[in-house]
Structure formats: structure tokens, C-alpha cells
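**Q** One structure coming up, written as C-alpha cells, with questions to follow.
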Amino acid sequence: MPFYNTSTSIRQNSRKVCLVAIGFACCHTNAAASVQLPPNLLTAMRLRLCSLRTACFVVAFYTFFVALLMLGFGCHDYYVAPEYLLWLRVAGAFTVIILFLAGSCLLRAIYRNSGQLFLTWLVVYSLYVGYQITNIIWNCYYYYTDYDSVPEPIRMSVKCNFIVFSILLCFDILSIFVVYRYKNQTRIGRT
136 MPFYNTSTSI RQNSRKVCLV AIGFACCHTN AAASVQLPPN LLTAMRLRLC
186 SLRTACFVVA FYTFFVALLM LGFGCHDYYV APEYLLWLRV AGAFTVIILF
236 LAGSCLLRAI YRNSGQLFLT WLVVYSLYVG YQITNIIWNC YYYYTDYDSV
286 PEPIRMSVKC NFIVFSILLC FDILSIFVVY RYKNQTRIGR T
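Quick note: the sequence shown uses my numbering, first residue 136, plus one each step.
So this is what it looks like as C-alpha cells:
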């Protein structure tokens, strides 16, 4: 059996995965133009995984996924502790409805090439990202200030909400850049 150096192959594969991830993010957000990167990395970044139109379809379904995730967290919170966090559940239910409408608005914008619908999605989703940032800050504050006075299931729910939506915040911001770039690339809505 020939000798096989696994550390080298693992290192090469991890480099490829990193290049693909960086290439996807940078090609769709135009970050490569503002930063000096090595030529081989720039070449890897030009290899896109999909077109911007396909990425917008992914963003539309990601919007539906985020809405379902928020609905799941709201149902779980209601099941675990119906007497706690009532106003937050009401705001979450309203946000779920708005996100479903925004996702359908983005799908319609892609099919019709409507600049106004793209702009509507961008405004609504930007407002959602602002809401999500304040929600993350509030959950962090709530978790650390009321730690001892709140029952364990509610603490775990707040902690999970904080962790999951903090991670998804990066994808939310990337989604805004992808849709904005597609809107500008196709020159939809310009006079």
C-alpha cells in the first residue's frame, strides 16, 4: 500500500473550500474591487457557483426559510412558556407574515424584472435585518440580566434564538448585497 500524506490533501481540500466560499461571497458583493488580493485568489473568485439570477432565487427561498424558522421559534416559545415574552411573540408573528410577503415579492420581481418589486424587497428585508439586530441585542441583554429569575427552558430558548439568528445575520446581509447587485447588474428600475 503506497504512502499517502493525508495532512497535505486535507490542507489542499480546505483551501479549495475556503476559496469557493470567499469567491461566492466576494463575487456577489463586489468586495474584490476594493481589496488587494493575490492573483490566484482573484482567479478563483471569478469562478462563480451560479448566476446572480439563480442566487436571487436562493435568496427568495432563504427568506421563506427564515420566516418558517421565526415561526418555529415563536411556536416553541409559546409552548414552553405562554406567560413570558408576549409582545416579542406578537412582533415575531407580524415579522413572519411580512417575510412571507417579501419572499413572494422577490420571486415576482425576478420573474417580471420589476425594479419596484426589487426595491420593495430591499427595503422590507433591510428593515427586517434592523429588527433582527435589535432582537439579538435585546436577547443578549435579557439573557445576561435576568439569568437567575427566569426558568431554564426560557433561558435555553433565548440562548438558542440569540445563537441561531446571530449566525443567520451574516447570510441576511449577504442576501441584501446579492439582490442589490442583481438589480444594478440588470439595470432594472433605472431611468
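C-beta: ideal position from N, C-alpha, C; glycine also.
#1: Which runs of the alpha helix (DSSP H) spanning at least 4 residues fall entirely within the stretch 250 to 321, listed in chain order?
#2: Which of the three DSSP states is assigned to A216 in this structure?
#3: What number of angstroms, rounded off, separates the C-alpha of T321 from the C-alpha of G250?
#4: Between the C-alpha atoms of L262 and A190, what's the straight-line distance to the nearest angstrom?
#5: Is the CB-CB distance between Y278 and F300 below 8 angstroms?
#6: Count the other CB atoms within 10 Å of the CB of Y246; is the residue buried (16 or more) or exposed (fewer)?
#7: Would you call the stretch 265 to 284 in contact with the stretch 208 to 216, where contact means no fewer than 3 C-beta pairs closer than 8 angstroms?
#8: CA-CA distance, L254 and R243?
#9: Quick one: Cα of N248 to Cα of V314, how far?
#10: Using the Cα positions of S310 and V194, report the straight-line distance between them to the nearest angstrom.
**A** Working from what's here:
#1: Listed in chain order, the complete alpha helix (DSSP H) runs (minimum 4 residues) inside the stretch 250 to 321 are 250 to 280 and 287 to 320.
#2: Note: A216 maps to coil in three-state DSSP.
#3: The straight-line gap from Cα to Cα measures roughly 10 angstroms.
#4: About 21 angstroms.
#5: No Cβ-Cβ contact shorter than 8 angstroms links Y278 with F300.
#6: Label assigned to Y246: exposed.
#7: With contact defined as three or more Cβ pairs closer than 8 angstroms, the stretch 265 to 284 and the stretch 208 to 216 are not in contact.
#8: A direct Cα-Cα distance of roughly 12 angstroms separates L254 from R243.
#9: The alpha-carbon atoms of N248 and V314 are separated by roughly 12 angstroms.
#10: Looking at the two C-alpha atoms, the distance is approximately 6 angstroms.
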